[in-house]
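Written out below as structure tokens is the structure these notes cover.
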Amino acid sequence: MTNSNVTNSNVKTLIRAARELSDSVDLLSFAEPVTHVYNPLAYARKSHEAYLGRVSGDVKVVLLGMNPGPWGMAQTGVPFGEVAAVRDWMQIHEPVGKPPIEHEKRPVEGFDCQRSEVSGRRLWGLFQERFETPEAFFEDHFVLNYCPLVFMEESARNRTPDKLLPEERERLSAICDAHLLTVIRALDPDHLVGVGVYAEACLKRVVQIEDCRGKVTRILHPSPASPASNNDWAGKVTKQLQKAGVW
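Quick note on the UniProt record's numbering: the sequence shown kicks off at 1 and runs consecutively.
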């Protein structure tokens, strides 16, 4: 049986931590080739906090992505936030603002965005198929991103956090590590699942900071940029999670 007091406490902790993360990363600056930085925790705060409010039970599995995609979380404020999955399945549909400086090729249209993020469609599609309802999923699962920022070059090309300048990565990682550790301490999950190699490395690093009991494992990233993901990604990941004892 879910302890509502614990759940409410966890949600409050997650919201407070997300606001602190948002404020901290907003103080950072990034040199070229990065020309545009989006922080959906700020301009899509309402939908992000509605998402955090979905945590409803004793979370046993935390899945970690790298950072928002331009057609996913950048639009909805939800990790891997493919519009249809967030709006139609999770029933989250909050007003979304705009980043201070918007790239003309990457407009933020919120839930009116007609583009679909493949990674998010695959990830949330698997959860929808397995759990049927968001309530069943969020009873013991939670998804978040390590870094909340979207980085773009002048051409609108996406630039991932691992490609930032070393000093920029160091400052960003210190903030993101602290946030991730706060989430892990609050939820105390049995399993920590990196969605891809980068996220797994972040989890391993943070777990070493403090002796967390969660077991770290990795699943194949759903990005279409990975050839292995374009052939039965859901089937492969289900087997990975079963082999690791997560499912």
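Virtual Cβ for every residue (Gly too), placed ideally from N, Cα, C.
Sequence-distant residues of the same chain with beta carbon closer than 6 Å to residue i, five excluded per side
| i | result |
| --- | --- |
| residue 215 | 191 |
| residue 143 | 63, 79 |
| residue 161 | 67, 147 |
| residue 72 | 80, 81, 82, 117, 120 |
| residue 127 | 137 |
Secondary structure of residue i, DSSP reduced to three states
| i | result |
| --- | --- |
| residue 187 | helix |
| residue 153 | strand |
| residue 67 | coil |
| residue 194 | strand |
| residue 158 | strand |
| residue 35 | strand |
| residue 218 | strand |
| residue 55 | coil |
| residue 141 | strand |
| residue 246 | coil |
| residue 78 | coil |
| residue 102 | coil |
| residue 92 | coil |
| residue 109 | coil |
| residue 127 | helix |
Outcome for residue i when other beta-carbon atoms lying within 10 angstroms are tallied against a minimum of 16
| i | result |
| --- | --- |
| residue 200 | buried |
| residue 124 | buried |
| residue 184 | buried |
| residue 231 | exposed |
| residue 218 | buried |
| residue 102 | exposed |
| residue 8 | exposed |
Close beta carbons around residue i, own chain, < 7 Å, minus the five adjacent residues each side
| i | result |
| --- | --- |
| residue 139 | 56, 57 |
| residue 1 | The predicted position of residue 1 is uncertain, since its pLDDT is 44 and thus under 50; a value taken from the coordinates is nonetheless stated next. If we look at residue 1 and ignore the five residues flanking it on each side, it has no Cβ neighbours. |
| residue 210 | 181 |
| residue 165 | 31 |
Own chain residues within Cβ distance below 8 Å of residue i, not counting five before or after
| i | result |
| --- | --- |
| residue 228 | 220, 236 |
| residue 223 | 118, 119, 196, 229 |
| residue 33 | 153, 154, 159 |
Contact belief for residue i with residue j at Cβ below 8 Å, rounded distance in angstroms
| i | j | result |
| --- | --- | --- |
| residue 17 | residue 179 | 6 Å |
| residue 108 | residue 74 | 6 Å |
| residue 105 | residue 156 | 4 Å |
Paired residues, beta bridge with residue i - DSSP
| i | result |
| --- | --- |
| residue 172 | According to DSSP, residue 172 bridges with nothing at all. |
| residue 61 | 141, 191 |
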